[in-house]
Amino acid sequence: MSFFAQDEVAMEQFGAALFGALPQGVVFLQGDLGMGKTTLSRGVLRAAGHLGSVKSPTYTLVEPYELSSGIIYHFDLYRLLDPEELEFLGIRDYFTEETLCLVEWPDKGEGLLPSADLVVTIGLAGAGREIQWQANTAKGSAAAERLARELRVV
Numbered sequence: 001m002s003f004f005a006q007d008e009v010a011m012e013q014f015g016a017a018l019f020g021a022l023p024q025g026v027v028f029l030q031g032d033l034g035m036g037k038t039t040l041s042r043g044v045l046r047a048a049g050h051l052g053s054v055k056s057p058t059y060t061l062v063e064p065y066e067l068s069s070g071i072i073y074h075f076d077l078y079r080l081l082d083p084e085e086l087e088f089l090g091i092r093d094y095f096t097e098e099t100l101c102l103v104e105w106p107d108k109g110e111g112l113l114p115s116a117d118l119v120v121t122i123g124l125a126g127a128g129r130e131i132q133w134q135a136n137t138a139k140g141s142a143a144a145e146r147l148a149r150e151l152r153v154v
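In UniProt numbering, the protein residues as written are 1 to 154.
Take a look at the structure:
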């Protein structure tokens, strides 16, 4: 399934719809630098009730958001040199049934990250972005269907 985001506002709207479809789980965000992974994450966080700024946790690797709607962890693994570094972060403690984990550059943590419920891939499409998503779990399949209905994607 795919969705065309013509601008930053549409990217954030997709993020809000994503949060509505999957408020807890694991989402891998894939795409080259500058494709809008953090903008999409901002849409998720705003839909969850976060009012402050949202920056990519490129240097800290993870940014926690404790909200009334639940806990969201935003990971950016771009600068990770070795997946074993995630062990020092206590990576397994972040991925629980009660949290939503958004993971940018998941390939950098291969072997130590749990399976994603949804994999979201962002690419260039004319002047905008094409967002595709694929489910990897039963929870992800239900979320993918809700997301398609919400965005009116056939």
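For every residue, glycine included, the Cβ atom is placed at its ideal position computed from N, Cα and C.
Where the beta strand (DSSP E) through residue i begins and ends
i	result
Leu118	Leu118 to Ala125
Phe19	Looking at the DSSP string, Phe19 is not in any beta strand (DSSP E); the run it does join, the alpha helix (DSSP H), is Glu8 to Ala21.
Arg46	Premise fails: Arg46 lies in the alpha helix (DSSP H), Lys37 to Ala47, not in any beta strand (DSSP E).
Ile71	Gly70 to Asp76
Leu113	Here Leu113 belongs to no beta strand (DSSP E), and DSSP marks it neither H nor E.
residue 201	Limits of the chain in this structure are 1 at one end and 154 at the other, which puts residue 201 out of reach.
Enclosing alpha helix (DSSP H) for residue i [first to last residue]
i	result
Leu151	Ala138 to Leu151
Residue i in three-state terms, based on DSSP
i	result
Arg82	Arg is not the amino acid found at residue 82; the sequence shown has Asp there. Coil, per DSSP.
Glu97	coil
Leu89	helix
Gly25	strand
Close-in-space but distant-in-sequence residues of the same chain around residue i (CB under 6 Å, 5 per side omitted)
i	result
Thr137	Asp117
Gly140	Asp117 and Leu118
Among the options, nearest to residue i - alpha-carbon criterion
i	options	result
Gly128	Met1, Gly15, Gly36 and Leu29	Gly36
Ala144	Ala10, Leu22, Ser53 and Glu8	Leu22
Val27	Thr121, Arg146, Ala125 and Gly126	Thr121
Nonlocal neighbours in the same chain, by C-beta distance under 7 Å from residue i, ignoring five residues either side
i	result
Phe3	Phe14, Ile131, Leu151 and Val153
With a cut-off of 8 Å, do at least 3 Cβ pairs link the region 62-75 to the region 98-108?
yes
I want to know whether the region 14-26 touches the region 42-59 - three or more CB-CB distances under 8 Å.
yes
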